[in-house]
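Okay, so the sequence shown: first residue is 1164 according to the working numbering, each after it adds one.
Here's the structure we're looking at; comments come further down.
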Amino acid sequence: MNEKDMLQKIKEDAQQVTPPSSLAPDAVEQMLRERAKQEKYQGEQPEHEYPEPVLFDKKKRRYRALTRYGSIAAVFVFAMAAMWQSQRISKRSEHDAAPKDTVIFQTEENTVKKAGQTGHVQSEDSTQTERTPDVEKPKTQFKESFTYASDPQAIYTALYEQFRQNSMDADGYGSISSKGTNLIRGEIVEDSAPMQMEMEMARSATMDTADTGGSGESGADFSTTNLQELSVDEGDIVKTDGQYIYILRRDLSLSILKADKKEPQFISTTYLGSQTEGAIQEMYLDAEKETLYIILSEYITSLENNENIYYTSANRQAKLLTYDIADRKTPVLTGTVTQDGFYETSRKNGPYIYLFTSYHPDIQDTYENSTIMPRINGTEAAAGDVFLPENLSDSAYLVISSVNTAQPDAIADSKILVSGASNYYVSAENIYITNTKYDSGQPHTQITKFHYSDGQIVGVAAGSVKGYLNNSFSLNEYNGNLRVVSTYTGDDANAVRDFASNITGQYYEQNWTEHNALYVLDEQLKQIGKIEGLADNETIRSARFFGDIGYFVTFRQTDPLFSVDLSDPANPQILGELKVSGFSSYLHFYGENHLLGIGYEADEATGMITGLKLSMFDISDPKQVTEVNRFTIPGITWCPAIENYKSILVQPKKNLIGFYCDNRYLLFSYDEEKGFVQEMVYDFYSDMLTGQAEYDTMRGLYIEDAFYLAGNTFLISFDMEKDFEKTGVLQF
């Protein structure tokens, strides 16, 4: 049946249906508009004292109705089908309940086991960022400590039972789990694939730091991607090997440019896929092997038919493409792997790339009609690789796989965790996944730990801490211990007295006051040390660790910078608390004795944001931290680029601090006597050639004494030896 015949069949079927008034054309049209509006604003945050970035809303697996092609009568069929299937689910019998011996997840004991089974877990040390800590523990051998699902049917049963109970009422157009899992295949939605792709392009560069400098075989001094962990590489949209500049573009293409201070040259553009079906994410560069590893997201749709009800099913997958770039004019594709799910992040350590995607199973009223297992490189994942917690709080899967770059068409290993994910922290040898949940309004963060080595991924521990985390920099591993800073909501203890006023007990009443804490967890993710009750009514805005010392910033009206002694993990101690106005959103060590903070200035009386601020802290004595210099730019109340550390250039040896803000690229140096020196402000508003730039596609980089601004369609060069004089412009 071709598309024309299919549409005619839909019309004929629809004419035989008498819909209720709620499904009249005007009512359906109004419903679609309202739902589209809700989706558009779903990811927005409540009003704050300063604007917050709107993050990409990771939609669950969705099905687009054929409203673009069919008549309004087709919409009636879809809506009625959704109601019918919802009623079928609500009548599902109780004998399908999940078995009692399902794999369990015990955060209290920090163990993962099955009935009658126990698991012992161990951990190890990691390499710290920027500077090498003094002493670290010997490495520990790891063994698998998680117990995994027995078969897909067991996974389906557990997911269905949990999220059927939490599902919403049908409301006439489909039942959706309160956790976001689609239970009905015929859900009526606005065709949102193009919008989702555009949003994901923006999100791809703001996901999930070592000094951003390096050198290659040519001996050139050039920029590298800003990293959280020095030994763990991260992808980005712009890379350089000191001779060429590689740019991933919004139209799903790769452009290669020859770096030249006076006259940059265009070499080639390679198209990687269809813009309407995909979005760029990031890439890795192996300059020695002259190879690029490029990650894309794809939106795959297919037409399906069930009892004369037609719909399109939509799947999201990540794709890793390997290109040989020995001939820059003609890159050659040498390998491809795919992984189902929304792309989350990735890491590269040695010859292995680790991919993280969020997959949402299609849970139907029968196992046979459901799609439970994701496909990894075209093959359905094995149930034996799925860790299924007992107390399910999310139906999403976190899919982790590894790829040996020497075998770019194959998956080396994979593991699946049935859980959502808030933050990803990857140390030199371990992967930490966090997921924040709320119990009676109280936030707590679940942490799952995997060990990885030579492409093999091993589950080793699970635990939790009180509160929620700011971002991945709230986590740091050192000497086998995990240090975590969080913000939590407090409870007040109230005494219970008898008639004689004797205290007979106590009860707790939530007061919604926010507090901050630092926790130290051992290699089994058991708590061994903590500091709680810090900075009441403030929230953590940034954190950074080096060896036995940790630094973190909280904010409400002023910015306390705390320094913490972690030399005794069981007894961490606050060393100092420096209060200054405003707060730092990002911290970066700047040499041996300084800590750079990039954030916002604020009114000390009201806490209202008044401008952008750079701070330099002297940390030579952690007990007496001082702010030795600050630089403020009034009027800038939000700078989204500083929320994405990969877009920030910080190189103490080159003495460069750069980032994009308010359609301008700002570049500074630092002098101990003069303080921050503004080296360059490039205003894209006044550049008629390049026009308006976008923060998520803009990067600043250097090669030797040349500085470059790389955008989606242009490259601008500057001479650093001539006060950053503009020397060349290339549009492509």
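Glycine residues also receive a C-beta, built at the ideal position from the N, C-alpha and C atoms.
#1: Quick test of the definition: if touching needs 3 or more C-beta pairs under 8 Å, does the region 1676-1692 touch the region 1622-1641?
#2: Looking at T1520 and G1498, is the spacing between their C-beta atoms short of 7 Å?
#3: DSSP state of A1321, grouped into three classes?
#4: Start and end of the beta strand (DSSP E) containing S1521?
#5: Just the C-alpha distance for F1881 and K1889, rounded to the nearest angstrom, thanks.
#6: In terms of residue numbering, what span does the beta strand (DSSP E) encompassing Q1894 cover?
#7: Hey, I1620 and I1563: beta-carbon distance below 7 Å or not?
#8: With DSSP collapsed to three states, give me the class of E1453.
#9: From E1640 to L1893, what distance separates their C-alpha atoms?
#10: Pull up the distance between the alpha-carbon of S1783 and that of Q1480, whole angstroms please.
#11: Give a yes or no on whether the C-beta atoms belonging to V1648 and S1635 are separated by under 7 Å.
#12: Determine the burial state of L1496: buried for a count of at least 16 other Cβ atoms within 10 Å of its Cβ, exposed for fewer.
#13: Taking V1788 as part of the beta strand (DSSP E), name the residues at either end of that continuous run.
#14: Could you tell me the alpha carbon to alpha carbon distance between W1868 and T1485, rounded to whole angstroms?
#15: For V1844, count neighbouring C-beta atoms within 10 Å of its own C-beta (all shown protein chains included) and say buried if the count is 16 or more, exposed if not.
#16: Using the DSSP secondary-structure output, state which residues sit across from T1652 in a beta bridge.
#17: If you follow the beta strand (DSSP E) that K1600 is in, where does it begin and where does it stop?
#18: Which residues in the same chain have their Cβ closer than 6 Å to the Cβ of S1355, if we skip the five residues on either side of it in sequence?
#19: Find the nearest neighbour of T1388 within the set D1528, A1624, A1312, Y1447, judged by alpha-carbon distance.
#20: Rank I1419, T1501, D1449, L1390 by C-alpha distance to the C-alpha of G1441 and give the top, closest one.
#21: Less than 7 Å between the C-beta atoms of I1322 and I1526, yes or no?
#22: Assuming I1761 and I1805 make a contact with CB atoms under 8 Å, what is their CB distance in whole Å?
#23: Please report how far the alpha carbon of H1283 lies from the alpha carbon of K1511, in whole angstroms.
#24: Would DSSP call G1745 helix, strand or coil?
#25: State the CB to CB distance for the pair G1618 and Y1515, rounded to an integer number of angstroms; the pair is presumed to be in contact (CB under 8 Å).
#26: Under the rule that 16 or more other beta-carbon atoms within 10 Å means buried, what is S1730, buried or exposed?
#27: From I1737, S1705, T1717, pick the residue whose C-alpha is nearest to that of D1711; which is it?
#28: Please classify P1797 as buried or exposed, where buried requires at least 16 neighbouring CB atoms within 10 angstroms.
#29: Measuring CB to CB, does T1717 end up less than 7 Å from E1677?
#30: Is it right to say K1492 is buried, meaning 16 or more other beta carbons lie within 10 angstroms of its own, or is it exposed?
#31: I'd like to check one pair, I1694 with P1735: are the Cβ atoms closer than 7 Å?
#32: Considering only the beta carbon of each residue, do R1704 and F1746 sit closer than 7 Å?
#33: With DSSP collapsed to three states, give me the class of F1636.
#34: Could you tell me if V1238 is buried or exposed, where buried requires 16 or more neighbouring beta carbons within 10 angstroms of its beta carbon?
#35: Between F1708 and Y1714, what straight-line distance do the alpha-carbon atoms span, to the nearest angstrom?
#36: Grab me the residues of D1576's own chain with a C-beta within less than 6 Å of its C-beta, minus the 5 sequence neighbours each way, in chain order.
According to the structure shown:
#1: yes
#2: no
#3: helix
#4: 1515-1522
#5: 4 Å
#6: 1888-1894
#7: yes
#8: coil
#9: 43 Å
#10: 48 Å
#11: no
#12: exposed
#13: Where V1788 is concerned, there is no enclosing beta strand (DSSP E), given that its DSSP letter is neither H nor E.
#14: A quick correction: the sequence has Asp, not Trp, at residue 1868. Going from the Cα of D1868 to the Cα of T1485 covers about 31 Å.
#15: exposed
#16: E1677
#17: 1593-1602
#18: Because the pLDDT of S1355 is 41, which lies under 50, any placement of that residue in the model is unreliable, and the question is left without a value.
#19: Y1447
#20: T1501
#21: In the sequence on display, residue 1322 carries Leu and not Ile. For L1322 and I1526, yes; Cβs fall inside 7 Å.
#22: 5 Å
#23: Residue confidence is low: H1283 scores 33 on pLDDT, short of 50, so the model does not pin down where it sits. Its coordinate-derived value is still stated next. Their backbone Cα atoms lie some 28 Å apart in a straight line.
#24: coil
#25: 5 Å
#26: exposed
#27: I1737
#28: exposed
#29: no
#30: exposed
#31: yes
#32: yes
#33: helix
#34: Because the pLDDT at V1238 is just 37, under 50, the model does not fix this residue reliably, and the point stays unresolved.
#35: 6 Å
#36: S1565, G1618, Q1619, I1620
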